[in-house]
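Enquirer:
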Amino acid sequence: MAAQLAEATTDPACRVLGLRERKKRRTRDSLVEAAHRLFLVHGYGRTTVDEIAAAVDVSQRTFFRYFENKEQVALAVMADAEGFFIECLRRRPAEEEPLTAMRAAITESWRSLGSVEHAGPGSVTAALELLELIESTPTLLAAHLRHTAEQERQIAAILAEREGLDPATDLRPRLLAAVFGAVVRLSHLSWTTDAAAHQVGPDGMIATLERHFDQLGPALSGSWRP
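Numbering of the sequence shown is given in UniProt numbering, commencing with residue 1 and proceeding in unit increments.
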């Protein structure tokens, strides 16, 4: 096996493919970063695909090889962050209860994306900046909510698989995924209006998430009266 691996890694065709994929990734990241910067400076509506492509010195045709439209490149940062959360959730220990696993995965993903290894367009800083842009742009908000609904379906499927359930007949995975998504969105909205949380970046977002999750149990089953 080791010999086969060594042979594969020294194969010129494999090296060319690796270089090609890395170049494609750099181009995609550059487009996302340029779009993000232009959206923050000029606004989403006043930024064109041509301007994004020009900022990276590529053609409009090249842009459309990577993204279907301006909306998709705008949401790429959040889509990448959400994809990373799904990976974190899949890796959680099987013995963890569903809500514990999701809570740990969202904290892990925010903390990891806030590390120096995740600088640039996929960073937590970019994701946090994008949250405010999404909430202030109706077309982006609608697209983001559609994407969130798809993520909820993925989460429900993961939870059902972890617990050995059939999501078609057992409502718990879908219900918990929907509740989880609502808590995360409320946390995001709270963060966007909390100046103190802004100042500490990822830690502020994590603290906001934890505060909201701490109240989930009492809100669902506790008495609200003094």
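C-beta atoms are modelled at their ideal positions from N, C-alpha and C, and glycine is treated no differently.
For A2, count neighbouring Cβ atoms within 10 angstroms of its own Cβ and tell me buried if that reaches 16, exposed if not.
Expert: If you number the sequence shown from 1, residue 2 lands on position 2. Low confidence applies here, because A2 scores a pLDDT of 40, under 50, leaving its location unreliable and the question unanswered by this model.
Enquirer: Just the C-alpha distance for L145 and G181, rounded to the nearest angstrom, thanks.
Expert: Your numbering for residue 145 matches position 145 in the sequence shown. Your numbering for residue 181 matches position 181 in the sequence shown. Straight-line Cα distance between these residues: approximately 10 angstroms.
Enquirer: Are the CB atoms of Y44 and A133 within a distance shorter than 8 angstroms?
Expert: Along the sequence shown, one-based indexing puts residue 133 at 133. Along the sequence shown, one-based indexing puts residue 44 at 44. The sequence as given places Leu at residue 133; Ala does not occur at that position. Yes, Cβ-Cβ distance for L133 and Y44 is below 8 angstroms.
Enquirer: Could you give the C-beta distance for T169 and W191, rounded to a whole number, given that I count them as a contact under 8 angstroms?
Expert: Residue mapping note: residue 169 aligns to position 169 of the sequence shown, counting from 1. Residue mapping note: residue 191 aligns to position 191 of the sequence shown, counting from 1. Wrong, their Cβ atoms sit about 37 angstroms apart, outside the cutoff.
Enquirer: So, H36 versus A126, is the Cβ gap smaller than 8 angstroms?
Expert: By 1-based counting over the sequence shown, the position of residue 36 is 36. By 1-based counting over the sequence shown, the position of residue 126 is 126. Yes, the pair counts as a contact, with Cβ atoms nearer than the cut-off.
Enquirer: Just reading off the alpha helix (DSSP H) that Q154 is part of, what are its end residues?
Expert: On the sequence shown, residue 154 is found 154 positions in, with the first residue counted as 1. Segment P138 to E163, the alpha helix (DSSP H) holding Q154.
Enquirer: Looking at the structure shown, is Y44 part of a helix, part of a strand, or coil, going by DSSP?
Expert: Numbered from 1 along the sequence shown, position 44 holds the residue referred to as residue 44. If DSSP states are grouped into helix, strand and coil, Y44 belongs with coil.
Enquirer: So T62 is in the alpha helix (DSSP H); what residue range does that whole segment cover?
Expert: Residue mapping note: residue 62 aligns to position 62 of the sequence shown, counting from 1. That run of the alpha helix (DSSP H) goes Q60 to Y66.
Enquirer: So for W110, helix, strand or coil by DSSP?
Expert: As a position in the sequence shown, residue 110 is number 110, starting the count at 1. Residue state, collapsed to three classes: helix.
Enquirer: Counting only the same chain and skipping the five closest in sequence on each side, list residues whose C-beta sits under 7 angstroms from that of F213.
Expert: As a first step, residue 213 is located in the sequence shown; it is residue number 213 there, counting from the start. Cβ within range, chain order: R103 and V183.
Enquirer: State the Cα-Cα distance for the pair R174 and L31, rounded to the nearest angstrom.
Expert: The sequence position of residue 174 within the sequence shown is 174, counting from 1. The sequence position of residue 31 within the sequence shown is 31, counting from 1. Each residue's alpha carbon lies about 35 angstroms from the other.
Enquirer: Counting beta carbon pairs with one atom in the region 58-72 and one in the region 86-104, are three or more of them shorter than 8 angstroms?
Expert: As far as the Cβ criterion goes, the region 86-104 does not touch the region 58-72, which means the pair count is below three.
Enquirer: Would you mind sorting L130 into buried or exposed? The rule is 16 or more other CB atoms within 10 Å of its CB.
Expert: Your numbering for residue 130 matches position 130 in the sequence shown. Counting Cβ neighbours within 10 Å, L130 comes out buried, since at least 16 surround it.
Enquirer: I'd like to know whether the C-beta atoms of E82 and Q151 end up nearer to each other than 8 angstroms.
Expert: Here residue 82 is taken as the residue at index 82 of the sequence shown, counted from 1. Here residue 151 is taken as the residue at index 151 of the sequence shown, counted from 1. Against a cut-off of 8 angstroms, the Cβ pair of Q151 and E82 comes out as a contact.
Enquirer: Could you tell me the alpha carbon to alpha carbon distance between G217 and T100, rounded to whole angstroms?
Expert: Here residue 217 is taken as the residue at index 217 of the sequence shown, counted from 1. Here residue 100 is taken as the residue at index 100 of the sequence shown, counted from 1. Distance between the alpha carbons of G217 and T100: 12 angstroms.
Enquirer: If you draw a straight line from the C-alpha of R90 to the C-alpha of S223, how long is it?
Expert: What you label residue 90 is simply residue 90 of the sequence shown in a count that begins at 1. What you label residue 223 is simply residue 223 of the sequence shown in a count that begins at 1. Distance between the alpha carbons of R90 and S223 is about 34 angstroms.
Enquirer: I'd like the span of the alpha helix (DSSP H) that includes E87, first residue to last.
Expert: Residue 87 sits at position 87 when you count from the first residue of the sequence shown. First-last of the alpha helix (DSSP H) with E87: A76 to R91.
Enquirer: L171 and L159 - do their beta-carbons sit closer together than 8 angstroms?
Expert: The residue you call residue 159 lines up with position 159 of the sequence shown. The residue you call residue 171 lines up with position 171 of the sequence shown. No, Cβ-Cβ distance for L159 and L171 is not below 8 angstroms.
Enquirer: What number of angstroms, rounded off, separates the C-alpha of T193 from the C-alpha of F84?
Expert: In the sequence shown, residue 193 corresponds to position 193, counting from 1. In the sequence shown, residue 84 corresponds to position 84, counting from 1. Their Cα atoms are separated by approximately 25 angstroms.
Enquirer: Considering only C-alpha positions, which residue in the set L220, I155 and S187 is nearest to L128?
Expert: Residue mapping note: residue 128 aligns to position 128 of the sequence shown, counting from 1. Measuring from the Cα of L128, the nearest candidate turns out to be S187.
Enquirer: For D57 and A178, what's the separation of their Cα atoms in angstroms?
Expert: For the purposes of this step, residue 57 is taken as the residue at position 57 of the sequence shown. For the purposes of this step, residue 178 is taken as the residue at position 178 of the sequence shown. D57 and A178: Cα-Cα distance of roughly 41 angstroms.
Enquirer: Let me confirm a value: T47 is counted as buried when at least 16 other C-beta atoms fall within 10 Å, else exposed. Which label applies?
Expert: Here the question's residue 47 lines up with position 47 in the sequence shown. Buried is the call here.
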